[in-house]
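Structure first, then comments.
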Amino acid sequence: MNEPGLWSMLALPVVLAVCQRLRRGRRLIGCLAACSALPALCFAAFGGIGSIEVPWLLLGSRLGVDSIGRVFLAVTAALWLAAGLYARSYLDDDEHKGRFQVFFLLTMAGNLGVTVALDVVSFMAFFTLMSVSAYGLIVHDRQPASLQAGRVYMVMTIAGEMLLFAGTILLAFEHRSLLFEDLAVALVESPRRNLIVGLLLAGFGIKLGLMPLHGWLPMAHPAAPTPASAVLSGAMIKTGLLGMLRMLPLGVVAMPGWADCCLVAGLATSLLAALIGIAQRNPKAVLAYSSISQMGLVAVGLGAAIAAPDAWPMISSMLLLWVVHHATAKAALFLGVGVAAARLPSRWSRHLVQAGLLVAALSLAGLPLTMGFIAKAALKYSTTAVEPWSAGLAWLLPLTSVTTTLLVSRFLWLVWPDPRNSHGELRAGMVIPWAGLTIAVVAGFFVAQWQGLVKDAWMSLDPKSIWASVWPMLAAGVLVLIVATRGGITSVLARIRIPEGDIIVPATHAARWFRREWNRIAEVHLPKWFQTAKQTWHDQAMPAILRWQNRLSQSLENDLAAGLLIAVLAIVLFIVSVGL
């Protein structure tokens, strides 16, 4: 394994984040920031398989690449590279692009680090860096909706971190090991196995976006700038799946109860998220619900692996295929939102953009000759070993293709390029990354066939396989035509109003009602000393905390100050880890 390549891919984004506001060489630093994921992509391609021990880092870390991590690293690096190049042109006129690049680079560093972490402490450290830094991407424009999305995101992120911390601490304390290869096997014999598995599934399920733990995702994606949305959906949410693959005893022991839980949650997520997404009016919100729906299908595959450990080699290949397929198609669609909204120079360019959006969108539904066709076939083929679910999945999975087609049809309706509604200049830096990802959606099918990377049964183009993939899309098309001829799609959907975040809205109203009722009861029934302490808190302590928080926030708005603070924290962490 190429050890210098490993360190360079982790260090480069952090160094560039710290140097972002230097007065000299600003253009060079901006160019390097846009391409900062390139070393990680090269390392994934040529770095080889292996690991290194880093005894001075944290509690003793192991970093490296295995067969699963290599796929995640390659996909993650490719998406961050495409998003970085896109962001350089997309945010060229943004006065706060420097601040965006700082959080963009720190989030990237955490995301890349997660893929090469082979022990639980370094994994959680990189996972936290990624999750916390992404807050700056979500609230970039500082609009009220973005700030609200950021608050919801942070609350759910902290909740997920607490669940994961509890689960990993229980497991590591019992078995005195921090390495994934030891913990996954030790979990089989743990007396608290059900508790630990439940904590891990819930914690990683928040990042994955499974219902009812999905509330942050449809609020964060529309709030973040387009290139940030692409990596949030294409790369970051996949870390939830990576964590499950690392820590759960997949292929070792069957856990029928948890398998049923994953299958039910996955199917419900896939179907309900698609139906809710159809009612959205923001194309990025529609794509957010599409990501939730697709992650529901990933949960179905995970449930199949938990139910049938003997089929794990086949199911693991299917899950990795889904990672590549969904990441590529979803990033292409998010970047396509910005391309489609720009002023296109000619009719032919508009037709090419329309064709690219159509192919990437229908790939999610299983369009033949795309990676989505292989992924859908692989999921159907892999779940035949799951008893007694196989018969029900045989007709429920095609139903998810129908709802997916309806959902992407809604997205295409909202984003379809129209010269009357276009705005902004279309730059080559936006077109090239989007076109590359769109071409990869189709090229991936032929590369997989040429290299023999997947089973022949998954990519067979016989009439029966093609019909099984096409008929759900045709059925959805008929439904769209029926609605369109009965008064228009917009008039029907105008009657349905589901806010972004769906369950978060009533939960927020309920929390506010509870707070009002608590204050009312406290004023009448609680002792006077309690009311005095409460008043002191509101009049003195809370304003002081808010002033301190405001001063800290204002200092962190300066990218150089934020970078220096992070550098100081890194040095302190290094000294403490060496001392331990």
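Counting from 1092, one number per residue, gives the positions in the sequence shown under our numbering.
Ideal Cβ placement from N, Cα and C applies to all residues, glycine included.
For leucine 1262, the uninterrupted alpha helix (DSSP H) segment begins and ends at 1235-1266. Straight across, the Cα-Cα distance linking isoleucine 1297 with arginine 1438 is about 43 Å. According to the DSSP assignment, arginine 1434 belongs to no beta strand (DSSP E), since it is labelled neither H nor E. Using a 10 angstroms sphere on the CB of glutamine 1631, the tally of other CB atoms stays under 16, which defines it as exposed.
Beta-bridge partners assigned by DSSP to glycine 1155: Ser1142. Around the beta carbon of histidine 1416, 16 or more other beta carbons sit within 10 angstroms, so the residue counts as buried. Your pair glycine 1121 and arginine 1179 checks out as a contact, with CB atoms roughly 7 Å apart and the cut at 8 Å.
Closest in alpha carbon position to leucine 1363, among Gly1387, Val1243 and Pro1347, is Gly1387. Per DSSP, the unbroken alpha helix (DSSP H) holding methionine 1564 starts and ends at 1554-1576. If the five residues before and after leucine 1290 are omitted, its C-beta is found closer than 6 Å to the C-beta atoms of Leu1254, Ala1257 and Gly1258, all from its own chain and listed in chain order.
Leucine 1103 sits in a helix when the DSSP states are folded into three classes. Sorting Ala1200, Asp1210 and Ala1431 by C-alpha distance to the C-alpha of methionine 1221 places Ala1200 at the top. Glutamate 1516 carries a strand assignment under DSSP once its states are collapsed to helix, strand and coil.
In the structure shown, aspartate 1401 falls within a helical segment according to DSSP collapsed to helix, strand and coil. Here leucine 1503 has Leu1448, Leu1449 and Ala1452 as same chain residues with Cβ atoms under 8 Å from its own Cβ, once five neighbours each way along the sequence are excluded.
Threonine 1419 and tryptophan 1098 have their C-alpha atoms spaced approximately 26 Å apart.
By the neighbour-count definition (other C-beta atoms within 10 Å, threshold 16), serine 1381 is a buried residue. If you look at aspartate 1273, you'll find it in the alpha helix (DSSP H) that goes 1271-1280.
With fewer than 16 other Cβ atoms from the protein chains shown falling within 10 Å of its own Cβ, histidine 1514 counts as exposed. DSSP places alanine 1345 outside both helix and strand once states are collapsed to three, so it counts as coil.
The Cβ atoms of phenylalanine 1191 and leucine 1182 sit closer than 8 Å to each other. In the structure shown, alanine 1456 falls within a coil segment according to DSSP collapsed to helix, strand and coil. Judged by their CB atoms, valine 1162 and valine 1414 are nearer to each other than the 8 Å cut-off. When C-alpha distances from phenylalanine 1295 are compared across Pro1130, Arg1337, Arg1441 and Ala1399, the shortest belongs to Arg1337. Scanning its chain for C-beta atoms nearer than 6 Å, with the 5 sequence neighbours on each side dropped, one finds around alanine 1108 the residues Val1193, Leu1196, Leu1197 and Gly1654, in chain order. In the structure shown, alanine 1315 falls within a coil segment according to DSSP collapsed to helix, strand and coil. In this structure, the beta-carbon distance from valine 1522 to alanine 1469 does not fall below 8 Å. If you draw a straight line from the Cα of serine 1473 to the Cα of arginine 1607, it comes to about 51 Å.
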